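Below is one structure; the comments refer to it alone.
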Amino acid sequence: MPNFTWEAGRLLGYVGRVAIAIRMNTPYNGAYDPRAPHHADDVMWLADSLHHFERLGHALQESNLQIIEDTCNTLLAIYKDYGRSDTGMKSEPAATFQRQTAFRLNEGRAILTELRDKAKALREQEQDQDLER
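Just so you know, we're using the numbering used here here: the sequence shown kicks off at 31 and counts up by one.
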């Protein structure tokens with residue numbers, strides 16, 4: 031069974047830092063300014079960046095290497111879009127992620143890339159072993 035403990039630990043740390051950023055955009059933060067127009071949009075984009083991890087969590091629990099790889103590729107595409115400022119949406123996700131100081135989007139991309147690459151290597155290794163039999 032593949033061991034993704036290290037990568038899952040990194041991912042949990044990242045998720046915690048995104049949660050801190052979400053909290054900093056709510057009235058629970060003493061520096062919260064309800065007149066700042068970006069707080070609601072920031073909470074939405076930050077939460078959006080986390081809710082997609084549910085599918086990855088299930089794939090990791092099942093140790094399904096192909097789904098881990100596919101899910102990471104999907105998440106990497108979504109994270110790439112978060113960095114774009116030409117989405118044509120009401121609020122641009124890039125501005126949200128540029129304002130953050132608790133984490134960097136590139137950190138999330140690096141973790142997802144590491145998970146994907148490990149799953150792919152393990153899957154290919156399993157396929158090679160099956161061919162040898």
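Idealized CB from N, CA, C, for every residue including glycine. Bear in mind that the values here come from a model prediction, so they are computed numbers and not experimental data.
Residue i versus residue j - alpha carbon distance
i: residue 150; j: residue 110; result: 20 angstroms
i: residue 90; j: residue 140; result: 17 angstroms
i: residue 112; j: residue 162; result: 43 angstroms
i: residue 93; j: residue 103; result: 16 angstroms
i: residue 31; j: residue 152; result: 10 angstroms
Residues near residue i by beta carbon distance below 8 angstroms, same chain, minus five either side
i: residue 63; result: 69
i: residue 45; result: 80 and 83
i: residue 38; result: 90
Proximity of residue i and residue j at Cβ, strictly below 8 angstroms
i: residue 34; j: residue 142; result: no
i: residue 86; j: residue 106; result: no
Buried versus exposed call for residue i [16 or more other C-beta atoms within 10 Å across all chains shown]
i: residue 115; result: exposed
i: residue 42; result: exposed
i: residue 119; result: exposed
i: residue 77; result: exposed
i: residue 36; result: exposed
Residues of its chain near residue i, where Cβ-Cβ distance is below 7 angstroms and the 5 sequence neighbours each way are ignored
i: residue 135; result: 109, 112, 113 and 127
i: residue 40; result: 141
Residues near residue i in its chain [Cβ-Cβ closer than 6 angstroms; skip 5 each side]
i: residue 72; result: 55 and 126
Please give the ranges of any alpha helix (DSSP H) in the stretch 99-146, keeping only runs that are unbroken, at least 4 residues long and fully inside the region. Scanning the stretch 99-146 for uninterrupted alpha helix (DSSP H) segments of 4 residues or longer gives 123-129, listed from N- to C-terminal end.
Quick check on the DSSP output: what are the complete alpha helix (DSSP H) runs of length 4 or more inside the stretch 60-93, in order along the chain? 69-81 and 83-92
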